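Here's the structure, in structure tokens; my notes come after.
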Amino acid sequence: MRWTTFALSGTFALACFAQAPVQKGKASVTKKEFGKTTGGEAVQLYTLTNANGMKAEIMTYGGALVVLTAPDRSGKFGDVILGMDDLKGYETPVPYFGALIGRYGNRIGKAQFTLEGKTYHLPANDNGNTLHGGNRGFDKRVWSAKPGPGAELHLTYVSKDGEEGFPGTLTARVVYSLTDKNELKIDYTATTDKPTVVNLTNHTYFNLAGPGEGTILGHEVTINADRFTPVDAGLIPTGELKAVKGTPFDFTKATAIGARIEQNDEQLKLGKGYDHNWVLNKGNGGLTKAAEVHEPKTGRVMEVWTTEPGLQFYTGNFLDGTLKGKGKTFVHRGAFCMETQHYPDSPNKPAFPTTELKPGQTYKTSTVYRFSAR
Ligand code: BGC
């Protein structure tokens with residue numbers, strides 16, 4: 042019953058937006074040079090524009106979203122993501138701003154896993170664990186790019202057998218598309234030539250009031266999940282799927298991010314705020330609504346739909362005001378991420394949905410960020 046209400050309110054918001062007068066243009070993709078990496082690789086910046094004038098700028102370094110615009114209550118499009126001014130800024134490095142994450146989004150405990158009797162050792166880049174694919178994950182690689190029809194960009198990265206400790210040559214393909222319903226769709230596929238594990242995601246930092254426009258504590262969030270995966274001090278799931286009911290992790294009804302974030306709760310303390318994986322209520326599977334975020338000042342709404350079983354909701358707890366970009370300062374909790382994914386540490390948690398990929402299989406997931414206003 043709760044889910045019905047949730048789905049209806051999303052449809053209602055969308056219907057309202059659909060009635061706003063929009064100037065229809067033609068969907069397009071343009072390309073420009075974005076400089077060279079310190080390693081000398083050329084990087085391009087592609088701009089996707091839909092018929093309504095919504096824009097997504099994507100660079101080939103990390104396949105990262107650099108700009109993403111969305112309409113406010115008056116129909117005006119404005120940027121809603123954190124980002125840097127140039128390629129150098131991204132190589133600083135930054136904490137995965139806008140980037141594609143692989144081979145394994147989120148954490149793998151003790152920087153190792155065993156697959157078909159063999160133990161693989163990975164870089165321990167986060168308190169003895171592996172975070173976001175190791176020292177040089179997919180966010181720090183240059184992807185090859187080809188525009189598709191309409192407002193589409195096709196990216197490919199071939200990760201060598203043994204790269205960052207992972208077995209198998211992994212061919213990862215990501216298609217970004219902007220639809221005329223003001224959706225940014227991300228389709229991920231991957232194949233391998235040896236058994237391996239894979240968990241791809243995107244690490245965009247959103248602030249629906251605009252990048253650098255203060256904290257996100259007033260944003261109201263709904264997450265379609267009755268359970269989450271509690272973590273230990275290294276943010277590795279304990280294995281328990283815990284009910285959110287009666288905890289500050291209950292976002293089954295729209296709640297401001299800041300309403301409970303400072304509560305005396307062990308899990309909030311471990312995450313220094315929200316930095317956890319929610320176990321999405323999947324119903325029949327397929328592309329289902331995972332979350333909705335509403336920013337009251339601008340009226341902007343972002344819905345997240347995904348085929349994935351999990352959602353890492355991270356509230357920018359490690360942002361500390363030292364990073365600046367787009368003419369602004371990125372303050373503590375100045376953005377949130379909604380990383381659709383399989384659960385963290387799945388390669389070491391046989392009870393979690395599997396992240397294994399075998400030769401002959403195709404890994405395939407989709408996530409849609411849909412924008413409207415109310
Ligand atoms: C993780 C955080 C981490 C952040 C890095 C998130 O996906 O859950 O713990 O600090 O990425 O930006």
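Here the working numbering is used: the first residue of the sequence shown is 42, the next is one more, and so on. Just so it is clear, CB atoms sit at the ideal spot from N, CA and C, and this is done for glycine as well. All figures in this text were calculated on a predicted structure; none of them were measured in a lab.
query: DSSP three-state label for N417, please.; result: The displayed coordinates of the chain run from 42 to 415. Any statement about residue 417 would go beyond what the structure contains.
query: Should K390 be labelled buried (16 or more other beta-carbon atoms within 10 Å of its own) or exposed?; result: buried
query: In its own chain, which residues sit with a C-beta less than 7 Å from the C-beta of R301, not counting the 5 before and 5 after it?; result: P289
query: Taking a contact to mean a Cβ-Cβ separation below 8 Å, would you say E205 touches L163 in this structure?; result: yes
query: Jot down the residue ranges of each uninterrupted beta strand (DSSP E) in the segment 50 to 127, minimum 3 residues, whole runs only, in chain order.; result: 69 to 77, 83 to 90, 96 to 100, 106 to 112 and 118 to 120
query: From Y410 to T233, what does the alpha carbon distance come to, in whole angstroms?; result: 28 Å
query: Is T383 close to ligand 1? I mean its beta-carbon at under 7 Å from any heavy atom of the ligand.; result: Sequence check: residue 383 is His here, not Thr. Answer for H383: no, Cβ out of range of ligand 1.
query: On the three-state DSSP scale, how would you describe K365?; result: strand
query: Can you tell me which of the three DSSP states F247 falls into?; result: strand
query: Between which two residues does the alpha helix (DSSP H) holding Q308 run?; result: E307 to G312
query: Could you tell me if V199 is buried or exposed, where buried requires 16 or more neighbouring beta carbons within 10 angstroms of its beta carbon?; result: exposed
query: Nearest by alpha-carbon distance to V135: which of T395, F75, K399 and L364 is it?; result: L364
query: To test your reading of the DSSP string, which unbroken beta strand (DSSP E) runs of 3 or more residues are found completely within the segment 257 to 324?; result: 261 to 264, 268 to 270 and 316 to 320
query: Going by beta carbon distance, what residues of the same chain come within less than 7 Å of N168, once the five residues before and after it are set aside?; result: G275
query: To which residues of the same chain is T242 closer than 7 Å at the C-beta, ignoring the five residues directly before and after it?; result: I142, G146, E380, T381 and Q382
query: Ligand 1 heavy atoms versus the CB of E380: any closer than 7 Å?; result: yes
query: For V108, which residues in the same chain have their Cβ closer than 6 Å to its Cβ, ignoring the five residues on either side in sequence?; result: E98 and D120
query: Following the continuous beta strand (DSSP E) through T212, name the residue where it begins and the one where it ends.; result: L211 to L219
query: Which two residues bound the contiguous beta strand (DSSP E) that contains V135?; result: First-last for V135: undefined, no H or E at that position.
query: Going by CA-CA distance only, name the one from N248, P112 and N265 that's closest to L258.; result: N248
query: Quick one: residues in its chain with C-beta nearer than 6 Å to the C-beta of T406, no 5 flanking neighbours on either side, listed in chain order?; result: Y229, T348 and E349
query: With C-beta atoms as the reference, is I227 less than 8 Å away from T408?; result: yes
query: Determine the DSSP secondary structure at F412, reduced to helix, strand or coil.; result: strand
query: Determine whether the beta carbon atoms of Y102 and T133 lie at a separation below 8 Å.; result: no
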